[in-house]
Amino acid sequence: MTEELQTDPGEVRQIYDPVAETPTSYLREPEGVHPPLDYPPYKSTSLRHPKQPLVYLPQTITEITGPRLGSPEVGETDNDLTVQHGGEPLGERIIVSGRVFDTEGKPLRGTLVEIWQANSAGRYKHRWDRWPAPLDPNFSGAGRCVTDDEGRYQFTTIKPGPYPWGNHYNAWRPAHIHFSLLGRAFTQRLVTQMYFPGDPFFPYDPIFNSVRDATARERMISSFSIHGTVPNWAQAFEWDIYLRGPGATPFEEAH
Amino acid sequence: MIFDTTPSQTVGPYFAIGLPYELGPFAVPEGTPGAIHISGTIYDGAGEPIPDFLLETWQADPEGKFADMHGYGGPSELPDFRGFARYGVEDGDGTYDILTVKPGPVPDLAGTAQAPHIDVSVFARGMLHRCVTRIYFADEAEANAADPALARVPLERRATLLAEPRAGGYRFDIRFQGPGETVFFAV
Numbered sequence: 048m049t050e051e052l053q054t055d056p057g058e059v060r061q062i063y064d065p066v067a068e069t070p071t072s073y074l075r076e077p078e079g080v081h082p083p084l085d086y087p088p089y090k091s092t093s094l095r096h097p098k099q100p101l102v103y104l105p106q107t108i109t110e111i112t113g114p115r116l117g118s119p120e121v122g123e124t125d126n127d128l129t130v131q132h133g134g135e136p137l138g139e140r141i142i143v144s145g146r147v148f149d150t151e152g153k154p155l156r157g158t159l160v161e162i163w164q165a166n167s168a169g170r171y172k173h174r175w176d177r178w179p180a181p182l183d184p185n186f187s188g189a190g191r192c193v194t195d196d197e198g199r200y201q202f203t204t205i206k207p208g209p210y211p212w213g214n215h216y217n218a219w220r221p222a223h224i225h226f227s228l229l230g231r232a233f234t235q236r237l238v239t240q241m242y243f244p245g246d247p248f249f250p251y252d253p254i255f256n257s258v259r260d261a262t263a264r265e266r267m268i269s270s271f272s273i274h275g276t277v278p279n280w281a282q283a284f285e286w287d288i289y290l291r292g293p294g295a296t297p298f299e300e301a302h
Numbered sequence: 297m298i299f300d301t302t303p304s305q306t307v308g309p310y311f312a313i314g315l316p317y318e319l320g321p322f323a324v325p326e327g328t329p330g331a332i333h334i335s336g337t338i339y340d341g342a343g344e345p346i347p348d349f350l351l352e353t354w355q356a357d358p359e360g361k362f363a364d365m366h367g368y369g370g371p372s373e374l375p376d377f378r379g380f381a382r383y384g385v386e387d388g389d390g391t392y393d394i395l396t397v398k399p400g401p402v403p404d405l406a407g408t409a410q411a412p413h414i415d416v417s418v419f420a421r422g423m424l425h426r427c428v429t430r431i432y433f434a435d436e437a438e439a440n441a442a443d444p445a446l447a448r449v450p451l452e453r454r455a456t457l458l459a460e461p462r463a464g465g466y467r468f469d470i471r472f473q474g475p476g477e478t479v480f481f482a483v
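Those protein sequences? They're chains A and B, same order as listed.
If you number the first sequence the way my numbering does, the last residue is 302 and the count never jumps.
If you number the second sequence the way my numbering does, the last residue is 483 and the count never jumps.
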């Protein structure tokens, strides 16, 4: 029972209201979509991954429901990281926008999107970040918003800089923005990072390359948009995010 | 057309800039009748407490109802029940503490009653994807024995999923490796 990931889901039948908008189960993601928990090139994984195989958990109502955090927690200007202080932060002003979909291409409306990032010099406003790049008194680096009826989110921020870290000799993280998505269900919860096109550090970054499939890695890279770019104001980058959608259980597929 | 999901990446060392919030650790408001603390320590593979982690929980109320039922019946009637807690710490002593109520039994999708449980996600630097586990309760022996998810867990490892009663609530530790490694689930 402990030798390998159990893929036998047992029997599952639908007993809930078929017109309900929530699926009775979510897609099981094939191996390789997400990075492995044990990935030696990223050294911190070594003591922070389970050694025993994961146990297959049949999805129940606990997994197909989830919290809806929203309006009370999110302020009007929480999606503009350039207006959180008395002055303008330094760096390239950018607009980052996109849509949140499930894997069937249905937009997820009303879902919380939270971001955090380094400033334009690649420094986080965090006491553990001590490398000698300047802090920006006008930039905290956190934002949040709730997707609209089309699943759209938008942030105005500053393009983050790359920064060094201690994983290996001359290790630098490609510029990135951290994203956290609640989705609509516990199964859809995702924390990831958005990267910028053409970053020279891509080939050397074990975190980016922990996603072993090259086309899957591409899904973490935003694209520059001249159409979204606002004249005399801000460059635009677009990035769509796909969360798990409805998926038949393997039992149902067998029919 | 079926699209592929966006891959997971680590929450990294600096998530405290963006994710923890004041009410995060409160799945129920303070003063809720029957409120309990669930707390514990998270240990890494060397047996050391993990100083930086983000833990999230999702659960039903004592009636087995969630704050949002997504159409599967009426939602929780417990006033201001959130059922969701987020505890984030950047340089702590490895411990977490959330305020909640003990969940009641909820059915699984085949209609079988599940023992009271809380879904848990752990995120941290060094975790490229979240680790999911479930909190069950050691004082629910009968319900636990009939629980369809626990039934999938090797008998000798089930105790790692049991929160132990203590004054004011329960203790639930999480161990990533070694003796007593917590059972983690693929959802």
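Every residue gets a Cβ at the ideal spot worked out from N, C-alpha and C, and that includes glycine.
Original post:
On the three-pair Cβ rule with 8 angstroms, is the segment 394–403 of chain B touching the segment 82–94 of chain A?
Top reply: no
Original post:
From E265 (chain A) to T239 (chain A), what distance separates their C-alpha atoms?
Top reply: 13 angstroms
**OP:** Run through the segment 68–128 of chain A for me and flag every whole alpha helix (DSSP H) of 4 or more residues, listed as ranges in chain order.
**Re:** 108–111
**OP:** Could you give the DSSP three-state label for T408 (chain B): helix, strand or coil?
**Re:** T408 (chain B) falls in the coil class under three-state DSSP.
Subject >> I346 (chain B) (DSSP reduced to helix, strand or coil) >> reply: coil
Subject >> Segment contact flag, the segment 201–210 of chain A with the segment 138–149 of chain A, C-beta cutoff 8 angstroms, min 3 pairs >> reply: Put simply, the segment 201–210 of chain A touches the segment 138–149 of chain A. At least three CB pairs are less than 8 angstroms apart.
**OP:** In the DSSP assignment, find the unbroken beta strand (DSSP E) run with A168 (chain A) in it and report its ends.
**Re:** Looking at the DSSP string, A168 (chain A) is not in any beta strand (DSSP E), and its letter there is neither H nor E.
Original post:
Do we get a CB-CB distance below 7 angstroms when we pair H132 (chain A) with the residues of chain B?
Top reply: no
Original post:
Taking Cβ positions only, does H173 (chain A) come closer than 7 angstroms to chain B?
Top reply: yes
**OP:** Starting from V143 (chain A), find everything on chain B with Cβ-Cβ shorter than 9 angstroms and list it in chain order.
**Re:** Result: empty, since nearest Cβ-Cβ is about 14 angstroms, beyond 9 angstroms.
Original post:
Quick one, which residues of the segment 398–412 of chain B are near chain A if we go by CB-CB under 8 angstroms, in chain order?
Top reply: V402, P403, D404, L405, A406, G407, Q410
Original post:
How is I162 (chain A) classed by DSSP in three states: helix, strand or coil?
Top reply: strand
Subject >> Residue closest to I332 (chain B), alpha-carbon to alpha-carbon, out of B:D387, B:G422, B:I394 >> reply: B:I394
Original post:
Going by Cα to Cα distance, which pick from B:P316, B:F349, B:S417 is closest to I431 (chain B)?
Top reply: Nearest of B:P316, B:F349, B:S417 to I431 (chain B), Cα basis: B:S417.
**OP:** Please state whether DSSP places T234 (chain A) in a helix, a strand or coil.
**Re:** helix
Original post:
Ordered along the chain, which non-local residues of its own chain (more than five positions away) have a Cβ less than 8 angstroms from that of T446 (chain B)?
Top reply: Looking at the sequence itself, residue 446 (chain B) is Leu, so the reference to Thr does not match. So the qualifying residues of the chain are A411, Y432, N440, R454, L457.
Original post:
Looking at R426 (chain B) and V102 (chain A), is the spacing between their C-beta atoms short of 7 angstroms?
Top reply: no
Original post:
Quick one, which residues of the segment 331–344 of chain B are near chain A if we go by CB-CB under 7 angstroms, in chain order?
Top reply: Residues D340, G341, A342.
Original post:
Does the count of Cβ pairs from the segment 276–283 of chain A and the segment 231–245 of chain A closer than 8 angstroms reach three?
Top reply: no
Original post:
From the beta carbon of L424 (chain B), is the nearest beta carbon of chain A less than 7 angstroms away?
Top reply: yes
Subject >> Simplified DSSP state of A281 (chain A), which is helix, strand or coil >> reply: strand
Subject >> 7 angstroms Cβ cutoff, T328 (chain B) in contact with chain A >> reply: no
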